[in-house]
Amino acid sequence: MSTAAGATAGPLKAFASGPLTGRVRMPADASISHRALILGALAIGETVIEGLIGREDIAASVRAMQAFGATVAVDPAGTIRVKGVGVGGFLEPEDVVECGHSGTTVRLAIGLVASQAIAATFSAGATLRARPMGRVLEPLRRMGAQVVARSRDRLPLTIRGADVALPIDYRLPAGSAEAKSAVLFAALNTAGVTSIIEPVATRDHSERMLAAFGAALEIDRDGEGARVIRVEGRRDLKPQRLVVPGDPGAAAFVIVAALVIEGSDVTIEGVLVNPLRIGLIETLVEMGGDIAFDNHRMVAGEPVADLRVHASRLKGIVVPPARAAAMIDDYPVLAVAAAFAEGKTVMDGLGELRQQDTDRLSALAAALAANGVEHEEGPESLTVTGSLRPAGGGRVAAGADPRIALSALVLGLGAANGVLVEDARTIAMPFPGFAALMGGLGALFETPEPAA
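First residue of the sequence shown: 1, per UniProt numbering; consecutive thereafter.
Next up, the structure:
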């Protein structure tokens with residue numbers, strides 16, 4: 001057994017661990033990282049982005065921006081320097097733009113191409129090729145872009161931008177931050193004012209980042225209370241220098257581990273605390289979690305803080321269903337926290353979990369069952385009945401779902417008999433260095449030898 005496991009290409013077992021203590025920083029937030037890099041490619045001058053070390057998915061956006069003519073240099077410390085080409089200055093790529101596993105890269109880049117008189121072909125890994133892109137493409141077609149794609153608007157696809165893109169007033173049919181962002185990015189090179197009406201608030205990183213780069217952007221409410229975002233196109237963007245804050249989605253696993261392991265005292269430095277990204281933290285505080293926000297500051301228009309987490313006696317609650325849209329990815333690790341809480345935790349409004357790359361709700365229920373956690377799975381709900389220390393001892397086949405794998409490992413750190421994740425390679429993209437970072441706080445892991 002070791003306190004840290006470097007290689008996670010095979011099985012990884014988390015063992016019951018003593019108190020976690022220390023200070024750590026999270027991987028850079030992906031949403032902020034992609035947007036800063038892409039807007040830097042549109043600015044006039046050099047944008048410097050620090051803090052991106054360890055973010056493998058950012059490589060897809062680096063390659064894409066280079067394919068469109070921007071100069072992007074990455075140093076070993078993770079600092080990226082981008083010399084932009086200006087709004088409307090993209091070159092036509094010479095080859096297919098491969099986006100790997102980064103859905104953010106492909107959706108935002110498609111938005112940029114939609115309003116420029118160039119054509120580009122996009123492809124990606126198998127998981128992204130299976131996802132319909134119609135929600136993003138429909139408003140871009142209305143702006144004048146032409147698209148040739150597989151059935152249900154799936155990748156690979158070719159998009160030819162409009163010679164003269166049309167400003168539109170577009171009401172989002174469903175909450176989608178990336179569909180919204182694609183239209184906002186297309187609006188940058190569209191003469192006139194493009195308006196997006198957002199009945200349900202989604203992550204607002206694009207709006208905040210656009211404002212930081214100097215875009216002509218206004219936000220208000222209509223008569224029905226819907227959020228209205230207006231962008232006036234054909235305006236130059238100003239280069240920025242920023243340090244990307246830590247990913248609250250990655251911090252979630254450290255937070256829950258610290259809450260459920262007796263005696264823990266952990267500080268997580270420089271975490272993004274955008275109000276639309278901290279639904280899990282709010283829920284954990286309601287459950288009795290001792291989580292303090294220290295050293296508040298603003299970075300590129302985004303709120304950032306250090307989080308200090310002490311082990312806490314959690315209690316079960318009914319999580320407001322309205323919160324699901326803002327924290328849908330965090331329910332697996334919330335279910336782990338609930339497994340250590342007194343009483344029942346009721347989570348409803350989880351239908352979206354069944355519509356992801358896998359049926360994440362069923363996968364989560366299976367992981368809980370394998371480790372002796374009492375629960376009830378509904379069509380769009382999960383109820384977990386906690387105990388002070390779940391038995392654990394199970395094996396979890398997380399497949400390609402990193403959040404199931406990471407949540408199972410957190411469960412193992414607090415459970416009596418640990419938890420084995422059969423293939424931990426999937427955790428590398430959302431949380432590079434997870435086992436080593438947690439090991440530095442005192443967590444115990446082992447990489448078992450494959451069965452003969």
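Ideal Cβ placement from N, Cα and C applies to all residues, glycine included. These figures come from a predicted structure and were not determined experimentally.
Helix, strand or coil for S387, going by three-state DSSP, please let me know. By one-based count along the sequence shown, residue 387 stands at place 387. The answer is coil: DSSP assigns S387 none of H, G, I, E or B.
Give me the residue from R235, F122, A14 with the minimum Cα distance to S61. Start at 1 with the first residue of the sequence shown, and residue 61 comes out as number 61. Closest option to S61, judged by alpha-carbon separation, among R235, F122, A14: F122.
Do you know how far the Cα of V285 is from the Cα of H375? The residue you call residue 375 lines up with position 375 of the sequence shown. The residue you call residue 285 lines up with position 285 of the sequence shown. Approximately 22 Å between the Cα atoms of the pair.
With three or more beta-carbon pairs closer than 8 Å as the criterion, would you say the stretch 11-24 touches the stretch 34-52? no
Determine the closest residue to A292 out of A145, G249, I281, with distance taken between C-alpha atoms. By one-based count along the sequence shown, residue 292 stands at place 292. Of the listed residues, the one whose Cα sits closest to A292 is I281.
Give the straight-line distance between the Cα atoms of G433 and D163, rounded to the nearest whole angstrom. On the sequence shown, residue 433 is found 433 positions in, with the first residue counted as 1. On the sequence shown, residue 163 is found 163 positions in, with the first residue counted as 1. Using only the alpha carbons, I get a separation of about 45 Å.
Just to confirm my understanding: we take A5, look at its own chain, exclude 5 residues before and 5 after, and list those with CB closer than 8 Å. What are they? Reading the sequence shown from its first residue, position 5 is the one you call residue 5. Reliability of the predicted coordinates at A5 is poor, the pLDDT of 48 falling under 50, and no value is obtained from them.
May I have the straight-line CA-CA distance separating Y170 from R234, to the nearest angstrom? Along the sequence shown, read from residue 1 onward, the residue named residue 170 stands at position 170. Along the sequence shown, read from residue 1 onward, the residue named residue 234 stands at position 234. Looking at the two C-alpha atoms, the distance is approximately 19 Å.
Can you find at least 3 beta carbon pairs, one from the stretch 327-339 and one from the stretch 245-262, that sit closer than 8 Å? Result yes; three or more Cβ-Cβ pairs closer than 8 Å.
Buried or exposed: where does H34 fall if 16 or more other Cβ atoms within 10 Å of its Cβ makes it buried? On the sequence shown, residue 34 is found 34 positions in, with the first residue counted as 1. Buried, since its Cβ has 16 or more Cβ neighbours within 10 Å.
Near A365, what residues of its chain come up, given a Cβ to Cβ distance below 7 Å and the 5 sequence neighbours on each side ignored? As a first step, residue 365 must be located in the sequence shown, where it is residue number 365. H375, E377, L382.
Taking the C-alpha atoms as reference points, what is the distance between G10 and R297? The sequence position of residue 10 within the sequence shown is 10, counting from 1. The sequence position of residue 297 within the sequence shown is 297, counting from 1. Near 40 Å, if we compare the C-alpha coordinates of R297 and G10.
Return the chain-ordered list of same chain residues with a C-beta closer than 6 Å to the C-beta of V136, the five sequence neighbours on each side being excluded. Taking the sequence shown and counting its residues from 1, one reaches residue 136 at position 136. Contacts found: R107, A179, A182.
Would residue 466 be called buried (16 or more neighbouring beta carbons within 10 Å of its own) or exposed? Here the chain has residues from 1 to 452 only, and residue 466 is not among them.
Residue span of the beta strand (DSSP E) that contains A73, given as start and end: For the purposes of this step, residue 73 is identified with residue 73 of the sequence shown, where counting begins at 1. Run containing A73: 71-74, per the beta strand (DSSP E) assignment.
Give the straight-line distance between the Cα atoms of L368 and G414, rounded to the nearest whole angstrom. Along the sequence shown, one-based indexing puts residue 368 at 368. Along the sequence shown, one-based indexing puts residue 414 at 414. Taking the straight line from one Cα to the other gives about 14 Å.
Could you tell me which of P27, L39, D75 sits nearest to D57, measuring between CA atoms? One-based indexing of the sequence shown puts residue 57 at position 57. For D57, the nearest C-alpha among the options comes from P27.
If I follow the unbroken alpha helix (DSSP H) through T283, where does it start and stop? Position 283 of the sequence shown, counted from the start, is the residue given in the question as residue 283. Taken as a continuous stretch (DSSP letters only), the alpha helix (DSSP H) holding T283 covers 279-286.
What is the DSSP secondary structure of P332, counted as helix, strand or coil? Locating residue 332 in the sequence shown gives position 332, where the first residue counts as 1. In this structure, P332 counts as helix in the three-state DSSP scheme.
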